[in-house]
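Participant: Line by line, the protein sequences give chains A and B. The letter at position 50 of the first sequence is residue 50 when you use this note's numbering, and the numbering goes up by one with no holes. Each number in this note's numbering corresponds to the 1-based position in the second sequence with 1000 added.
There are 2 protein chains.
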Amino acid sequence: MSQAPGRLTQRDIARLAGVSQTTVSLVLNNRPDAARIAPETRERVLRVIRETGYAADPLARRMLKQLNQILGVFTYEPVFPSTSADFYYPFLRGIEESAEESGCDLLLFTSAPVQDGLRRIFHENNRLRVADGCVLLGREIPAAELSRLVAEEYPFVCVGRRDDADGRAVPYVGADYVAATAEQVDRARASGHERFAFVGPGAGAESSADRLAGFRRAAGEDAPQVGVEVPEPADRLERILDAGATAVFVDFLSDAVELTHAAHARGLRIPEDLSVIALGDPTTPVEAPYAYTGFTIPRQEMGRQAVELLTQMLHGQAPVTQRLLACRPVQGGTLAPPPRR
Amino acid sequence: MSQAPGRLTQRDIARLAGVSQTTVSLVLNNRPDAARIAPETRERVLRVIRETGYAADPLARRMLKQLNQILGVFTYEPVFPSTSADFYYPFLRGIEESAEESGCDLLLFTSAPVQDGLRRIFHENNRLRVADGCVLLGREIPAAELSRLVAEEYPFVCVGRRDDADGRAVPYVGADYVAATAEQVDRARASGHERFAFVGPGAGAESSADRLAGFRRAAGEDAPQVGVEVPEPADRLERILDAGATAVFVDFLSDAVELTHAAHARGLRIPEDLSVIALGDPTTPVEAPYAYTGFTIPRQEMGRQAVELLTQMLHGQAPVTQRLLACRPVQGGTLAPPPRR
DNA sequence: CTGAATTGCTAATCCGTATTACTCCTGCCG
DNA sequence: CGGCAGGAGTAATACGGATTAGCAATTCAG
């Protein structure tokens, strides 16, 4: 009890047990191969450790080992936001589960400052190195940050597919939006639809681009797409109907809801007059008038596998660094055969 | 680029800039008082740092300083659970907000193993020391852990009031359930009620004990309390009615809902025949048939202030270590004047 | 009964950074 | 010209624990 009780070091233990600091370390790490400690000495040391409640300082350990059992989580939005909460929690739940299983703690990089409305990993005093590796979460991740992470050979895994950064592959565990969207189009076609429309940016975030890509693959290159250039729901509906589409595939659920209201306002019934397919789970909390037909993103599983992949990378065994998981179709009630002409 | 690119040290920077490691450190910490570095040398070092993207290893720093800008969060349930999610997120949101403001990262102790259905802080290889201090969250926190934390003089703050552990005061930011509950009883009395009943364990967790204490203070020592010894909602209702109570104060919202259903099954209307007051927000997701009258817990604010208090403690300025925040009354629709006899 | 092997433990070193003490150099004053 | 002030930078050390090399004592083989 020199100055800070509880701030015990191995030297303190050594002194109390009448041995050297080395011996304490050896007893703690219990390595019969490295050195032999007499059973009674070992017991004496262990007794002191038990009595004092000593625990090794993980930081000091980490200076010698390379791993600290800490995984970083970097989110490009607040981790516990009010909006979009429901969307992100499943990812985090998966991440937490997996971290718990592998005995790692999670470090949330809350200290990252916000610049231009976005958090940045790389800032003046970035703490990335505290963690052994990092999971990245967010709709859009600046390519500059990704390429720098790759260049520095920092171990990380993105949740969600990412384009190559500077020509270098980015490790990720994503959802196969291309296949999932194409599958939805095929289902609509199977139920009689022939003309399709897409609502969503179709660019920017990879997730949006992938959905459009899947749509184009199944619906054709000339099927109409309505993005931000048409902000008003009524105008969007107009475009869709003008194109003769009977099934609309919507990136954001909020857009689907707005479109639904516009359709109702025009006296159209859903799905009898117009089928609406939601391409994923809501990213913002919306009051949905229907259970939309579409698919759901394996968010928890994505989080899980991202951490699993990361730990594999950290242990030097990562054959595959990119994974796409399948989305699960949701029956819903907004897909019906098209109206007869 | 010797072996691990991106794994730069000050020594590497020093070599590249043709100076000593000490100089690099001095430039980085920019302390004109400690040593004088020629502007051109400083610039040369800074240029190398910029070019290489070097960032100091926070862990090594922490070995010398006492603060690492990392706050631990220990939850006695999973942080991102499916159940009780809605209850805990506001706390975490407050914690995150406050951590972000003070430039700290959050370390979630996901590695803590579960023993006897509860996570334990103190286990074989506890990582507590990685963090400068710790916020504890959970309905019940084992007194043994608390007293050990206090004994070790580890800086921590509980979210939620805690009893003294081993006669030592536990730092916390809690909600004043005693006052909030008493206030609800007074309101019921003001609207004409004379006989009250309490549903809830009334013991175990401090939060439950406090609610009962508030109830007793306002309703009297002999007002009936129904706990786990009467598991069936119908039986509970029976007890309450037998006692002639016209207003019931319920700890857990799920109990309130069950009680409501039991009342309906008996042909009683709420609140005309029986007033039901909810003593706080739902801790488990329930389908509530009413917006219950009662109060709401300042969860986000509790999280915020817990972190603020912790950072104050870490900087050696913590005049008060226990705080109780007021709960906000909720109007709701389940309190009405008692039925006329 | 000597040399080698084994046992049981410790001194020394390292990890990456911050800090203290010290050295070297230049210029200035008396 | 000696000494001293101050500028510019570096060597040395500390932090707490893991590891390596090595030392002293004992045991064993020949």
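Backbone N, C-alpha and C define an ideal beta-carbon position, used for all residues, glycine too. If you're wondering where the values come from, they're calculated on a predicted model, not measured in any experiment.
Counting only the same chain and skipping the five closest in sequence on each side, list residues whose C-beta sits under 7 Å from that of A:Ala213.
Facilitator: Val178.
Participant: How many Å lie between A:Cys327 and A:Phe295 at the Cα?
Facilitator: Those two C-alpha atoms are separated by around 6 Å.
Participant: Kindly list the residues whose CB is nearer than 7 Å to the CB of A:Val330, restricted to its own chain and excluding five residues on each side of it in sequence; keep chain order.
Facilitator: Closer than 7 Å at Cβ, skipping near neighbours: Thr293, Gly294, Phe295 and Thr296.
Participant: Given a cut-off of 8 Å on the beta-carbon distance, is the pair B:Glu1145 and B:Phe1109 in contact?
Facilitator: No, these two residues do not count as a Cβ contact at 8 Å.
Participant: Would you please state the rounded distance, in angstroms, between the beta carbons of A:Cys104 and A:Leu64? I believe it to be under 8 Å.
Facilitator: The Cβ separation is near 18 Å, so there is no contact.
Participant: By Cβ distance, which residues of its chain are closer than 7 Å to B:Arg1168, with the 5 residues on each side in sequence left out?
Facilitator: Ser1147 and Val1150.
Participant: Cα separation between A:Ala375 and A:Ala245?
Facilitator: In this structure chain A extends from 1 to 341, so residue 375 of chain A is not present and cannot be described.
Participant: Can the beta-carbon of A:Gly303 be found less than 8 Å from the beta-carbon of A:Leu107?
Facilitator: No, these two residues do not count as a Cβ contact at 8 Å.
Participant: Output the boundary residues of the beta strand (DSSP E) element that contains B:Arg1162.
Facilitator: Neither: B:Arg1162 is in no beta strand (DSSP E) and is coded neither H nor E.
Participant: Taking Cβ-Cβ distances below 8 Å as the criterion, which residues of the stretch 1054-1067 of chain B are in contact with chain A?
Facilitator: Flagged, chain order: Ala1055, Ala1056, Asp1057, Pro1058, Leu1059, Ala1060, Arg1062 and Met1063.
Participant: Would B:Gln1010 and B:Val1024 be called neighbours here (beta carbons separated by less than 8 Å)?
Facilitator: In this structure, B:Val1024 lies closer than 8 Å to B:Gln1010 by Cβ.
Participant: Tell me whether the beta-carbon of B:Leu1008 lies closer than 8 Å to the beta-carbon of B:Tyr1054.
Facilitator: Yes, the pair counts as a contact, with Cβ atoms nearer than the cut-off.
Participant: Report the residue ranges of all alpha helix (DSSP H) runs contained in full by the stretch 33-74 of chain A; include only those spanning at least 4 residues, in chain order.
Facilitator: Runs of the alpha helix (DSSP H) inside the stretch 33-74 of chain A: 39-52 and 58-62.
Participant: For a test of the three-state rule: what should DSSP assign to A:Ser275, helix, strand or coil?
Facilitator: Here A:Ser275 sits in strand by DSSP.
Participant: Can you pull the chain A residues whose beta carbon is under 9 Å from the beta carbon of B:Thr1283, in chain order?
Facilitator: The premise fails here: B:Thr1283 is roughly 17 Å from chain A at the closest Cβ pair, so nothing lies under 9 Å.
Participant: Can the beta-carbon of A:Arg355 be found less than 8 Å from the beta-carbon of A:Pro90?
Facilitator: Outside the displayed span of chain A (1 to 341) sits residue 355 of chain A, for which this structure offers no information.
Participant: Please confirm if the stretch 1270-1285 of chain B is in contact with the stretch 1239-1258 of chain B, defined as three or more CB-CB distances below 8 Å between the two stretches.
Facilitator: Judged by Cβ distances under 8 Å, the stretch 1270-1285 of chain B makes contact with the stretch 1239-1258 of chain B, as three or more pairs qualify.
Participant: Pick out the complete beta strand (DSSP E) segments inside the stretch 1196-1278 of chain B, 3 residues or longer, and give them in chain order.
Facilitator: If we require 3 residues or more, the beta strand (DSSP E) runs fully inside the stretch 1196-1278 of chain B come out as 1196-1199 and 1247-1250.
Participant: Within the continuous alpha helix (DSSP H) that includes B:Gln1010, where are the two ends?
Facilitator: From DSSP, the alpha helix (DSSP H) with B:Gln1010 extends over Gln1010 to Ala1017.
Participant: I need the boundaries of the beta strand (DSSP E) containing B:Gly1133, first residue and last residue.
Facilitator: B:Gly1133 -> beta strand (DSSP E) spans Gly1133 to Leu1137.
Participant: Measure how close the beta-carbons of B:Val1230 and B:Ser1254 come, nearest whole angstrom, since I'm counting them as under 8 Å.
Facilitator: About 15 Å; that fails the 8 Å criterion.
Participant: How far does the beta strand (DSSP E) with A:Arg187 in it extend, from its first residue to its last?
Facilitator: No beta strand (DSSP E) holds A:Arg187; the alpha helix (DSSP H) holding it covers Tyr177 to Ala190.
Participant: With H, G and I counted as helix, E and B as strand and the rest as coil, what does DSSP make of B:Tyr1154?
Facilitator: Three-state result, B:Tyr1154: coil.
Participant: Please state whether the Cβ-Cβ distance between A:Ser207 and A:Gly138 is less than 8 Å.
Facilitator: Cβ atoms of A:Ser207 and A:Gly138: not closer than 8 Å.
Participant: Would you list, in chain order, the members of the stretch 94-110 of chain A that have their beta-carbon closer than 7 Å to a beta-carbon of chain B?
Facilitator: Result list: Glu96, Ala99, Glu100, Gly103, Cys104, Asp105, Leu106, Leu107, Leu108, Phe109 and Thr110.
Participant: Closest to B:Phe1215 by CA distance: which of B:Thr1334, B:Asn1068, B:Met1313 and B:Ala1182 is it?
Facilitator: Of the listed residues, the one whose Cα sits closest to B:Phe1215 is B:Ala1182.
Participant: Hey, is A:Arg11's beta-carbon within less than 8 Å of any beta-carbon in chain B?
Facilitator: False, the Cβ-Cβ gap to chain B never drops below 8 Å.
Participant: Answer with buried or exposed for A:Leu67, where buried requires no fewer than 16 other C-beta atoms within 10 angstroms of its C-beta.
Facilitator: Its Cβ having fewer than 16 others within 10 Å, A:Leu67 is exposed.
Participant: Shorter than 8 Å from the beta carbon of A:Pro5 to some beta carbon of chain B?
Facilitator: Only weak support is given to the placement of A:Pro5: the predicted model assigns it a pLDDT of 41, under 50, and the question is left unresolved by the model.
Participant: Tell me, please, whether the CB atom of B:Val1130 is closer than 8 Å to any CB atom in chain A?
Facilitator: Closer than 8 Å: yes.
Participant: Can you check which of these residues, B:Ala1056, B:Arg1044 and B:Ala1262, is closest to B:Leu1016 by C-alpha distance?
Facilitator: Considering only alpha carbons, the answer is B:Arg1044.
Participant: Taking 8 Å as the threshold (beta carbon to beta carbon), is B:Arg1304 in contact with chain A?
Facilitator: Not an interface residue.
Participant: Counting only beta-carbon atoms, is A:Arg50 nearer than 8 Å to chain B?
Facilitator: Answer no: the Cβ-Cβ gap between A:Arg50 and chain B never drops below 8 Å.
Participant: Comparing alpha-carbon positions, which option in B:Pro1058, B:Leu1046 and B:Ser1102 lies nearest B:Gln1312?
Facilitator: The shortest Cα separation from B:Gln1312 among B:Pro1058, B:Leu1046 and B:Ser1102 belongs to B:Ser1102.
Participant: Have a look at A:Ala306 and A:Pro171 and give me their C-alpha separation to the nearest angstrom.
Facilitator: Approximately 9 Å between the Cα atoms of the pair.
Participant: Grab me the residues of B:Pro1349's own chain with a C-beta within less than 6 Å of its C-beta, minus the 5 sequence neighbours each way, in chain order.
Facilitator: Since the displayed chain B opens at 1001 and closes at 1341, residue 1349 of chain B lies outside it and no answer follows.
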